[in-house]
Amino acid sequence: MADTSRVTPLPASVPVLSPVTLLRLVIILTVLAVWEFLSHSGWLYRDVVPSLLAIGRAMFDLLAHGEYYFNLAVTAGEVGAALAIGGSLGLVVGIVLGANRFLSKAFESYLYYLGPTPKIIFFPIMIMWFGVGPGSKIALGTLSCFFPVALSAAAGMRQIDKVLIRVGNSFRASTAQMVFKIYLPAMRHPIINGVRLGLGVALIGTLLAETKLSNKGIGFLIIQAYSIFDMPRMYAMLIVLFVLSIGANSVVGRLGGLDSIKRS
Amino acid sequence: MTSTPHNPANTDILVVDDVVVRFETQEGPVIAVDHVSFGVRQGEFLSVIGPSGCGKSTLFNVIGGLIGHTSGVVSVGGETINSPHQSIGMVFREESTFPWRSVTDNVAFPLELIGMPKAQRIERARHFISLVGLDGFENRYPNELSGGMRQRVSLARTLASEPKILLMDEPFAALDEQTRLLLGDKVLQIQQQLKQTTLLITHNITEAVQMSDRILVMTYRPGKVKRIVDIDLPRPRTSEIVGSEAFGRYVAQIWADLREEASRGMRDEEEHALHHVSTT
Chain A
1042 MADTSRVTPL
1052 PASVPVLSPV
1062 TLLRLVIILT
1072 VLAVWEFLSH
1082 SGWLYRDVVP
1092 SLLAIGRAMF
1102 DLLAHGEYYF
1112 NLAVTAGEVG
1122 AALAIGGSLG
1132 LVVGIVLGAN
1142 RFLSKAFESY
1152 LYYLGPTPKI
1162 IFFPIMIMWF
1172 GVGPGSKIAL
1182 GTLSCFFPVA
1192 LSAAAGMRQI
1202 DKVLIRVGNS
1212 FRASTAQMVF
1222 KIYLPAMRHP
1232 IINGVRLGLG
1242 VALIGTLLAE
1252 TKLSNKGIGF
1262 LIIQAYSIFD
1272 MPRMYAMLIV
1282 LFVLSIGANS
1292 VVGRLGGLDS
1302 IKRS
Chain B
630 MTSTPHNPAN
640 TDILVVDDVV
650 VRFETQEGPV
660 IAVDHVSFGV
670 RQGEFLSVIG
680 PSGCGKSTLF
690 NVIGGLIGHT
700 SGVVSVGGET
710 INSPHQSIGM
720 VFREESTFPW
730 RSVTDNVAFP
740 LELIGMPKAQ
750 RIERARHFIS
760 LVGLDGFENR
770 YPNELSGGMR
780 QRVSLARTLA
790 SEPKILLMDE
800 PFAALDEQTR
810 LLLGDKVLQI
820 QQQLKQTTLL
830 ITHNITEAVQ
840 MSDRILVMTY
850 RPGKVKRIVD
860 IDLPRPRTSE
870 IVGSEAFGRY
880 VAQIWADLRE
890 EASRGMRDEE
900 EHALHHVSTT
């Protein structure tokens, strides 16, 4: 008790806006102001930089019509399918490579070679195999997200505390019990990280494929707006997409965050 | 000092008979365990003590069925052990709780593996949590507990599988001296309450004398049985016994045996290090 009197209390009032938030706001407002100035300056060809009002109107128009949601659902379905297929394949391959030194020596270097290769170069093959519809987009997204998930899972598998495996063995856990009750929970952090990276590249792969050759999906709508030079609509779609991918990433991040708070 | 032969009696629940463990290393074969034989009687507390590098942890893993042995036989209740056996419950030296499981779920782990219904295994887990004195911590996670508490969770987890033999490898090695003594009391109390047959691997003489009915002293590499000492101290025991005269005599006796081995080990390691420095 004697000590507390000598401690000066922290100031009770916290400023409403921290300096960082303030700086961010200033940057955003500056960008918007420059943008608006450019659009009215007449220096650039009409509509290359549409006014904020025009973009806002286009966005309202976009979100008020069912067509956008249909295409959004198509893209979301493609990305979801790609993540499910590529993610589970990556997980299985990663666990096997992480558990088996021989297979890892034989095959893991291929993952490292193919991992950073831009998957879009395989798109023509995917079109031949799966057609111009969602099939080829899912295939490309799957190919994209397989690698980060497989590599993180393999690394995660090797990081598992060896004593936990010995505990499982000493209690005579079956292989399935080892996988589901020890390996997977012990690897949850690297796996969530891998899925996060995988989601990002699956989104990129799918959208890139849609902009190249397709007849539905967000990528298709964007490239369609571009080809008829409807710039406000294109910008509106880019902004919505930007917000959506931030949302998707934070949902996956939250899954990892919740976990680490409770059970680090 | 010569090692006396130890013929396992038929009443022994665990029998280690002429076990040899040889490892192939880059510097040639190393004999970790050299023709070791002993038995553990029903309900007794036996400690295996020896200097670092005497192969006692290897012995722990062999009896637990986690690693194979080169020759000889390990058997429990007449059954030969080549893989982990349900009659043997292991407690490891390292931190071994599952960080993603609550205390209850950690302790219920072995029961979950054998498919015991949830309500029943939680009830059983609660019983063993209470036994190791962790009432009130059932829903905590390991990162919210101290090292000593986590080691008690590991102990409760192993006890929950109701092994015939509790096999522990320096379970208190990572703890401070006071915690170690108090936890030793807890283990003694539980052991006496459950009449749990226990085999403790340790390098701590005080710990060994405090808890054991018999102490097996091992030699430095290759690990052989040097001597088996009967500890004739009254039970029930607590850490208070550490101050008694009889206790001191046992400690001195075992230290005399152990010092010889430990200094041999130290010389060996020094030579080894010297050799490595001169060749590199």
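Chains as they are written, first to last, in my numbering: chain A, 1042 to 1305; chain B, 630 to 909.
Beta carbons are placed, not taken as given, at the ideal position from N, Cα and C, and that holds for glycine.
Within-8 Å CB hit, residue i to chain A
{"i": "T633/B", "result": "Summary for T633/B: the model assigns pLDDT 44, below 50, so the residue's position carries little reliability; its value from the coordinates is reported in the next sentence. So no, T633/B is outside the interface."}
{"i": "F757/B", "result": "no"}
{"i": "G693/B", "result": "yes"}
{"i": "L643/B", "result": "no"}
{"i": "M719/B", "result": "yes"}
{"i": "W729/B", "result": "yes"}
{"i": "L829/B", "result": "no"}
{"i": "L795/B", "result": "no"}
{"i": "L742/B", "result": "yes"}
{"i": "F738/B", "result": "yes"}
{"i": "P713/B", "result": "yes"}
{"i": "E723/B", "result": "yes"}
{"i": "S873/B", "result": "no"}
Limits of the beta strand (DSSP E) - the one that residue i falls within
{"i": "G668/B", "result": "G657 to R670"}
{"i": "S1080/A", "result": "Per DSSP, S1080/A belongs to no beta strand (DSSP E); it is in the alpha helix (DSSP H), P1060 to S1082."}
{"i": "G852/B", "result": "Looking at the DSSP string, G852/B is not in any beta strand (DSSP E), and its letter there is neither H nor E."}
{"i": "M1270/A", "result": "Note that residue 1270/A is Phe in the sequence shown here, rather than Met. Careful: F1270/A lies outside any beta strand (DSSP E) and carries neither H nor E."}
{"i": "L675/B", "result": "F674 to I678"}
Cutoff 8 Å: residue i Cβ touching any chain B Cβ
{"i": "I1179/A", "result": "no"}
{"i": "Q1218/A", "result": "yes"}
{"i": "F1212/A", "result": "yes"}
{"i": "V1236/A", "result": "no"}
{"i": "I1302/A", "result": "With a pLDDT of 43 at I1302/A, under the threshold of 50, the predicted position of this residue should be treated as unreliable, though the coordinate-derived value follows. No, because no Cβ of chain B sits closer than 8 Å to the Cβ of I1302/A."}
{"i": "S1046/A", "result": "For S1046/A, the predicted structure reports a pLDDT of 48, less than 50, and the residue's modelled location is therefore unreliable. A value from the coordinates is still provided. Not one chain B Cβ lies under 8 Å of S1046/A."}
{"i": "P1021/A", "result": "Here chain A has residues from 1042 to 1305 only, and residue 1021/A is not among them."}
{"i": "R1207/A", "result": "yes"}
{"i": "A1061/A", "result": "One detail in the question is off: residue 1061/A reads as Val in this sequence, not Ala. Taking Cβ atoms only, chain B never reaches closer than 8 Å to V1061/A, which makes this a no."}
{"i": "P1310/A", "result": "Past the boundaries of the shown model lies residue 1310/A; chain A is included only from 1042 to 1305, so the question cannot be answered."}
{"i": "V1204/A", "result": "yes"}
{"i": "P1226/A", "result": "yes"}
Residue i, DSSP secondary structure in three states
{"i": "V1090/A", "result": "coil"}
{"i": "L795/B", "result": "strand"}
{"i": "I717/B", "result": "strand"}
{"i": "K815/B", "result": "helix"}
{"i": "E874/B", "result": "helix"}
{"i": "D647/B", "result": "strand"}
{"i": "L1085/A", "result": "coil"}
{"i": "M745/B", "result": "coil"}
{"i": "K685/B", "result": "helix"}
{"i": "D641/B", "result": "strand"}
{"i": "E724/B", "result": "coil"}
{"i": "I692/B", "result": "helix"}
{"i": "G765/B", "result": "coil"}
{"i": "S704/B", "result": "strand"}
{"i": "I830/B", "result": "strand"}
{"i": "G1294/A", "result": "helix"}
{"i": "R750/B", "result": "helix"}
{"i": "T709/B", "result": "strand"}
{"i": "D916/B", "result": "Past the edges of chain B, shown from 630 to 909, lies residue 916/B, and the structure says nothing about it."}
From the options, residue whose alpha carbon lies closest to that of residue i
{"i": "I1161/A", "options": "L1085/A, M1272/A, L1144/A and T1247/A", "result": "T1247/A"}
{"i": "S725/B", "options": "V702/B, R781/B and R893/B", "result": "R781/B"}
{"i": "I710/B", "options": "A789/B, G697/B, T687/B and Q671/B", "result": "G697/B"}
{"i": "T687/B", "options": "H901/B, A891/B and T831/B", "result": "T831/B"}
{"i": "G694/B", "options": "Q715/B, C683/B and G682/B", "result": "Q715/B"}
{"i": "V871/B", "options": "K824/B, L810/B and V736/B", "result": "L810/B"}
{"i": "E653/B", "options": "C683/B, T699/B, I642/B and E874/B", "result": "T699/B"}
{"i": "F1164/A", "options": "T1183/A, Y1151/A, L1152/A and Y1153/A", "result": "T1183/A"}
First and last residue of the uninterrupted alpha helix (DSSP H) at residue i
{"i": "I1233/A", "result": "R1229 to K1253"}
{"i": "G1197/A", "result": "P1175 to Q1200"}
{"i": "F1164/A", "result": "F1164 to F1171"}
{"i": "F1111/A", "result": "G1107 to A1140"}
{"i": "I1206/A", "result": "K1203 to S1211"}
{"i": "N735/B", "result": "V732 to V736"}
{"i": "T787/B", "result": "G776 to A789"}
7 Å Cβ cut-off: residues of chain D touching residue i
{"i": "S790/B", "result": "This model lacks chain D altogether; the protein chains it does include are A and B."}
Inset, instruction - Say whether the segment 727-744 of chain B touches the segment 754-771 of chain B, bearing in mind that this needs 3 or more beta-carbon pairs closer than 8 Å, one atom from each stretch. - result: A contact exists between the segment 727-744 of chain B and the segment 754-771 of chain B.
Legend entry - Segment contact flag, the segment 1195-1209 of chain A with the segment 1227-1238 of chain A, C-beta cutoff 8 Å, min 3 pairs: Because the criterion of three Cβ pairs below 8 Å is met, the segment 1195-1209 of chain A and the segment 1227-1238 of chain A touch.
Inset, instruction - Evaluate the contact criterion for the segment 1204-1213 of chain A versus the segment 1144-1154 of chain A: three or more CB pairs, one atom per stretch, below 8 Å. - result: As far as the Cβ criterion goes, the segment 1204-1213 of chain A does not touch the segment 1144-1154 of chain A, which means the pair count is below three.
Inset, instruction - State whether the segment 664-672 of chain B contacts the segment 638-656 of chain B, with contact taken as three or more CB pairs (one from each stretch) at a distance under 8 Å. - result: Judged by pairs of C-beta atoms under 8 Å, the segment 664-672 of chain B touches the segment 638-656 of chain B, as three or more such pairs exist.
Inset, instruction - Decide if the segment 1230-1238 of chain A is in contact with the segment 751-764 of chain B; the criterion is three or more beta carbon pairs, one per stretch, under 8 Å apart. - result: Taking 8 Å as the limit for Cβ pairs, the verdict is that the segment 751-764 of chain B does not touch the segment 1230-1238 of chain A.
Inset, instruction - Answer yes if the segment 1272-1279 of chain A comes into contact with the segment 1243-1258 of chain A, meaning at least three C-beta pairs across the two stretches below 8 Å, and no otherwise. - result: No: the two stretches stay apart, fewer than three of their Cβ pairs being nearer than 8 Å.
Legend entry - Validate contact between the segment 1211-1223 of chain A and the segment 1155-1171 of chain A using beta carbons, cut 8 Å, 3 pairs: Segments in contact, no.
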